[in-house]
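What follows is a single structure, written as structure tokens, with notes after it.
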Amino acid sequence: MILCVCVQTETTKLLMRYLAMTAPSTSMETSIVEQQIIAASPLLEAYGNAKTVMNNNSSRFGKFTKLLYNVPDKAKEGHILGSYLETYLLEKSRVVFQANNERNYHIFYFLHKGIRLITYVFFIYLQCQYDCIVCVCVAQFAKRIFSSFSFRIGLTPEQMKSLHLTSSKDFWYTKQGNADEIAGVSDKERYDELAESMKLMRIDSEMMGLWAITAGVLNMGNIEFKKEGDGFASVKNPDVVKKVADLWGVSDKALAERLTTATMVVMKKNITKKVNFDEATTNRDSISKGFYEQSFLYLCERINAELFQMGETDNEDEEPNIESHLFIGILDVFGFENFYINSLEQFCINFTNEKLQQFFNFHIIRSEQEEYIKESVFWTPLHIPDNTAYIEMVEDAAKGFFVLLDSACKAPQPSVEAWMQEFMKTHGKNPTVRTATQPGSGNARGAPKKSKKKGGPKEKFTGFMLIHFADNVTYDSTNFLVKNNEAVHPDTAKMLAKSTNPLVQHVSQIGVGEVSHLNKQNFFKIYLFIYLIALDRLEETKTKRIFKKKMFDID
Numbered sequence: 001m002i003l004c005v006c007v008q009t010e011t012t013k014l015l016m017r018y019l020a021m022t023a024p025s026t027s028m029e030t031s032i033v034e035q036q037i038i039a040a041s042p043l044l045e046a047y048g049n050a051k052t053v054m055n056n057n058s059s060r061f062g063k064f065t066k067l068l069y070n071v072p073d074k075a076k077e078g079h080i081l082g083s084y085l086e087t088y089l090l091e092k093s094r095v096v097f098q099a100n101n102e103r104n105y106h107i108f109y110f111l112h113k114g115i116r117l118i119t120y121v122f123f124i125y126l127q128c129q130y131d132c133i134v135c136v137c138v139a140q141f142a143k144r145i146f147s148s149f150s151f152r153i154g155l156t157p158e159q160m161k162s163l164h165l166t167s168s169k170d171f172w173y174t175k176q177g178n179a180d181e182i183a184g185v186s187d188k189e190r191y192d193e194l195a196e197s198m199k200l201m202r203i204d205s206e207m208m209g210l211w212a213i214t215a216g217v218l219n220m221g222n223i224e225f226k227k228e229g230d231g232f233a234s235v236k237n238p239d240v241v242k243k244v245a246d247l248w249g250v251s252d253k254a255l256a257e258r259l260t261t262a263t264m265v266v267m268k269k270n271i272t273k274k275v276n277f278d279e280a281t282t283n284r285d286s287i288s289k290g291f292y293e294q295s296f297l298y299l300c301e302r303i304n305a306e307l308f309q310m311g312e313t314d315n316e317d318e319e320p321n322i323e324s325h326l327f328i329g330i331l332d333v334f335g336f337e338n339f340y341i342n343s344l345e346q347f348c349i350n351f352t353n354e355k356l357q358q359f360f361n362f363h364i365i366r367s368e369q370e371e372y373i374k375e376s377v378f379w380t381p382l383h384i385p386d387n388t389a390y391i392e393m394v395e396d397a398a399k400g401f402f403v404l405l406d407s408a409c410k411a412p413q414p415s416v417e418a419w420m421q422e423f424m425k426t427h428g429k430n431p432t433v434r435t436a437t438q439p440g441s442g443n444a445r446g447a448p449k450k451s452k453k454k455g456g457p458k459e460k461f462t463g464f465m466l467i468h469f470a471d472n473v474t475y476d477s478t479n480f481l482v483k484n485n486e487a488v489h490p491d492t493a494k495m496l497a498k499s500t501n502p503l504v505q506h507v508s509q510i511g512v513g514e515v516s517h518l519n520k521q522n523f524f525k526i527y528l529f530i531y532l533i534a535l536d537r538l539e540e541t542k543t544k545r546i547f548k549k550k551m552f553d554i555d
């Protein structure tokens with residue numbers, strides 16, 4: 001089982017770089033595609049990677065990349081036509097919460113690290129300190145010269161101001177983990193690399209629009225609420241609402257209304273209800289998580305649009321067919337995770353690793369032992385770990401983990417306690433399931449800082465422990481139902497659709513109304529099934545009897 005280190009991400013990057021750089025190029029256009037494939041990594045890492053307690057550049061999403069090849073003559077080498085990216089299970093919760101010693105997604109810190117800010121401060125100081133015509137001219141000339149290098153030296157003070165950015169330590173969404181910096185890593189250099197990648201991917205014209213969306217999400221975390229006499233919420237700091245509204249191109253009145261009200265459909269009629277004070281922060285965070293995920297999916301969409309170009313077809317409406325081309329698939333999955341606080345994301349990640357471990361146990365170890373027996377090879381048989389009990393507990397079509405979770409979410413009044421009781425009643429005797437009274441099965445560096453306040457009732461822990469192949473993991477089930485039910489609220493989509501920013505309009509509609517009957521876990525299981533089928537087909541591939549150099553015998 002793969003443990004949570006940076007091996008997968010770095011190996012994937014190196015492998016893609018190797019394949020892109022060693023593939024024979026038949027034209028300048030093909031060479032550019034190969035460069036773009038390499039350039040896509042910094043873009044995906046900025047929006048999809050973050051620092052955890054175990055990895056400074058952890059992928060917080062899974063991806064399956066297909067490098068598509070054109071092989072006109074099967075006896076000769078092919079060249080890369082393009083690439084296609086599939087992603088799943090972005091860790092949205094990280095946008096609004098980070099454990100101690102962890103960071104939010106890299107992009108939130110990159111935007112604050114523009115070198116140009118320092119350069120400009122120096123020239124402004126020079127101009128103000130020495131009030132002479134020469135100093136003024138030098139300062140103005142230098143500012144003009146440096147402003148032309150927007151891709152090499154970060155954001156200008158004017159751009160920072162327009163994005164309402166100051167320091168990552170000033171925002172709730174980036175200061176929770178107390179890990180503003182990463183040792184040995186320069187966010188300034190990473191920003192430069194990101195900007196160059198966007199230029200190579202031909203997304204640079206949309207850069208400020210993407211920054212506005214991202215900065216808006218960041219400012220959303222600073223919106224606070226106050227409790228009215230009737231128990232409902234109202235905005236405490238409307239000036240921050242105005243900043244977000246300005247960045248997203250919507251009216252501050254519409255955003256404030258979305259933060260404090262929600263529309264429900266009852267008997268085919270729309271009814272607007274006020275948001276309770278206790279639910280206001282959750283509502284705010286839901287908007288932030290949803291819009292950030294949409295911006296991430298938009299980037300994946302743009303990357304595929306650039307890299308998946310198969311040339312002209314006879315029918316203009318016909319889309320290029322991936323299946324008609326040979327490809328090398330590179331799967332970058334999450335490593336096994338065991339943090340101090342483990343939630344639904346870790347459950348799904350570890351489930352993936354258990355499935356892959358089961359695949360490995362069966363197709364590699366067991367099948368090899370069977371071959372040894374057939375060939376009468378003298379050897380000491382290995383003990384094959386069996387995680388079937390765990391897999392069946394999760395996947396059972398009638399009473400499996402996901403089935404119980406979905407049923408609890410559909411209840412008139414969803415309750416974590418009721419769901420936990422049903423789960424333990426159904427699977428409590430499973431050898432891989434244990435009760436748990438406190439968190440902390442994983443790395444203690446992610447533990448929250450102890451409060452200085454003494455006294456008061458101790459908060460009850462609601463969770464369970466699972467015996468995994470790699471380790472025993474305690475899961476905090478508090479937010480399982482909320483995360484399982486998350487979706488972009490129609491009110492949010494309607495508000496952002498009226499934005500004066502065309503990019504905000506487009507991004508806000510991604511995924512809205514599509515297969516709404518499938519929740520995140522259903523998508524996750526579908527993707528996992530597809531990948532295992534692909535691995536199964538790969539394992540079944542047999543060598544042919546045509547022993548020729550650089551030739552595959554394709555049926």
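Residue numbering for the sequence shown follows UniProt numbering, beginning at 1 and increasing consecutively. Using N, Cα and C, we set each Cβ at its ideal position, and we do this for glycine too.
- In the structure shown, residue 276 adopts extended strand secondary structure according to DSSP, grouped into three states.
- In the structure shown, residue 158 falls within a helical segment according to DSSP collapsed to helix, strand and coil.
- In this structure, the CA atom of residue 235 is about 13 Å from the CA atom of residue 244.
- Beta bridge pairing from DSSP links residue 466 with 433, 473.
- Counting only unbroken stretches of 4 or more residues, the alpha helix (DSSP H) elements lying wholly within the stretch 226–310 are 238–248, 252–260, 277–307, in sequence order.
- By the Cβ-count criterion, residue 226 is exposed, with fewer than 16 other Cβ atoms from all chains shown falling within 10 Å of its own Cβ.
- Contact annotation: residue 179 and residue 341 have beta-carbon atoms that are not nearer than 8 Å.
- In the three-state reduction of the DSSP assignment, residue 216 falls in the helix class.
- In this structure, 41 is the residue among 41, 482, 403, 354 with its C-alpha nearest to the C-alpha of residue 193.
- Of the residues 414, 419, 386, the one whose Cα lies closest to the Cα of residue 401 is 419.
- With three or more CB-CB distances shorter than 8 Å, the stretch 339–359 counts as touching the stretch 387–394.
- One Cα belongs to residue 61, the other to residue 507, and the distance between them is close to 19 Å.
- A Cβ-Cβ distance of about 5 Å is found for the pair residue 499 and residue 250, placing them in contact under the 8 Å criterion.
- In the DSSP assignment, residue 87 is bridged to 63.
- Of the residues assessed, residue 248 falls on the buried side of the cut-off, its CB having 16 or more other CB atoms within 10 angstroms.
- Closest in C-alpha terms to residue 325, from the list 36, 68, 37, comes 68.
- Using a Cβ distance threshold of 8 Å, residue 50 and residue 106 count as a contacting pair.
- Contact between residue 255 and residue 241 holds: their C-beta atoms lie close to 5 Å from each other, under 8 Å.
- The three-state secondary structure of residue 179, taken from DSSP, is coil.
- For residue 58, the pairing in a beta bridge is given by DSSP as 50.
- Residue 480 and residue 211 have their alpha carbons spaced roughly 31 Å apart.
- Per DSSP, residue 204 lies in no alpha helix (DSSP H) and is assigned neither H nor E.
- Cβ-Cβ distances below 7 Å link residue 94 to 50, 60, 104, 105 in the same chain, with the five nearest sequence neighbours on each side left out; the list follows chain order.
- Linking residue 303 to residue 404 through their CA atoms gives a straight-line distance of about 37 Å.
- In the DSSP assignment, residue 405 falls within the alpha helix (DSSP H) that extends over 401–409.
- In the displayed model, residue 390 falls within a helix according to three-state DSSP.
- Note that the stretch 483–496 does not touch the stretch 421–441; fewer than 3 beta-carbon pairs, one per stretch, sit closer than 8 Å.
- Counting along the chain, residue 187 sits inside the alpha helix (DSSP H) bounded by residues 187–200.
- In this structure residue 215 does not touch residue 110 by the C-beta definition: roughly 11 Å separates them, more than the 8 Å allowed.
- Ranked by how close their Cα comes to the Cα of residue 56, the residues 36, 182, 20, 91 have 182 in first place.
- Within the same chain, 294, 297, 298, 301 come within 8 Å of residue 510 by CB-CB distance, once the 5 residues on both sides are set aside.
- Counting C-beta atoms within 10 angstroms of its own C-beta, residue 383 has fewer than 16 neighbours from the protein chains shown and is therefore classed as exposed.
- Counting only the Cα atoms, residue 32 lies some 11 Å from residue 202.
- By the Cβ rule, the stretch 405–414 does not count as touching the stretch 372–387, because fewer than three pairs are nearer than 8 Å.
- For the pair residue 503 and residue 206, the CB atoms are nearer than the 8 Å cut-off.
- Residue 58 has its alpha-carbon roughly 20 Å from the corresponding atom of residue 440.
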